[in-house]
Amino acid sequence: MSKRSHEIWNSGDTDVIDTRSKSLGNMRIVCAFTASLFMTSIGASAMAEEHSEREARIVNGELKVPFSSHNFSARCYDTLKCEVIYGRRYAAKFDKPSPPLTEAIRRSLDGSWGGIANFPPAARVSWVAKDGTPLEANVDVGEIFEDQYILYGPELDVSDVALDRHFPDPGIILVVDNRTISVYMRAMVFLRHPIVPSNPYSDMRHDVVLAFTRNF
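Mapping the sequence shown onto the working numbering, position 207 (from 1) lands on 188, and the numbers just tick up by one.
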């Protein structure tokens, strides 16, 4: 450092240098803030565009309702032991024999673990079938629902769907039944007219729909 520079750095002139540094710092803050606003604007615009593209609609007589998150449950029936890991946590863990799957139980299946972004890695399933056979499987839920549209049953009258209503996250249910794994979806679909005319609260369908099944 030169003598003059040393004098400037250690004299009253230092205030001038500090002021310029502060000014440059303020300019950097303003530029960063402006850039942040610009990027936020772009992000908001992109999100709005994505939202508009993912609205519920009817295409060629088929209901198209996209979903980007879901609820999940795993159930085990007719097994001696059963364990299901999804999203790095236990979705089911049973060390004792489980009861058989009845039609009443199947109709009541629903996802209870909510707000899961599409999609975690494949579910890891390990269980012991009713005959004592140990089995393992990986079930890729993301592959099953690759198009990320909800499933609905044949009973639904698509022309009566209230497209302007909010569609909650669908439930995805993985069921281990002895030597069979099945994956169901249960999605709430609001209707423009009640199913039972005398019951105004029957303006929806919430059917359990089979999406995948495999025997082992």
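All C-beta atoms, glycine included, are put in the ideal place defined by N, C-alpha and C.
Are the CB atoms of residue i and residue j nearer to each other than 8 Å?
i: ASP112; j: SER54; result: no
i: VAL106; j: VAL164; result: no
i: ASP59; j: SER89; result: no
i: ASN196; j: THR161; result: yes
i: ILE66; j: ALA104; result: yes
i: VAL109; j: LYS77; result: no
i: SER49; j: GLY96; result: no
i: GLY134; j: PRO101; result: no
Cutting at 6 Å between CB atoms, please list the residues of its own chain near residue i, excluding the five before and the five after it.
i: SER179; result: none
i: LEU144; result: ALA37
i: ARG186; result: LEU137, VAL170
i: VAL156; result: ARG56, SER163
Mind reading off the beta-carbon distance from residue i to residue j? Whole number of angstroms is fine, and I expect it under 8 Å.
i: VAL139; j: ARG167; result: Wrong, their Cβ atoms sit about 18 Å apart, outside the cutoff.
i: ILE131; j: PRO115; result: Not quite, the Cβ-Cβ distance comes to about 35 Å (not below 8 Å), so this is no contact.
i: ALA192; j: ILE86; result: Incorrect: roughly 18 Å between the Cβ atoms, too far for contact.
Reducing DSSP to helix, strand and coil, say where residue i ends up.
i: VAL106; result: strand
i: ASP184; result: coil
i: ALA141; result: Rather than Ala, the amino acid found at residue 141 in this sequence is Asp. In the structure shown, ASP141 sits in a helix (DSSP, three-state: H, G or I).
i: VAL189; result: strand
i: VAL46; result: coil
i: GLY123; result: helix
i: PRO178; result: coil
i: ALA98; result: strand
Residues in the same chain with beta-carbon distance under 8 Å from residue i, minus the five sequence neighbours each way, listed in chain order, please.
i: PRO181; result: PRO175
i: ILE154; result: PHE53, SER54, ALA55, ARG56, LEU90, ASP91, GLY92, VAL164, TYR165, MET166, ARG167, VAL189
i: SER183; result: PRO175, ILE176, VAL177
i: LYS45; result: ALA37, ARG38, ILE39, TYR130
Which term fits residue i, buried or exposed, when burial requires 16 or more other beta carbons within 10 angstroms of its beta carbon?
i: TYR71; result: exposed
i: ASP128; result: exposed
i: ILE39; result: exposed
i: ASN41; result: exposed
Going by beta carbon distance, what residues of the same chain come within less than 7 Å of residue i, once the five residues before and after it are set aside?
i: MET(-18); result: Note on MET(-18): pLDDT 48, under 50, position unreliable in the model; the coordinate value appears next. Correct list: empty, nothing qualifies.
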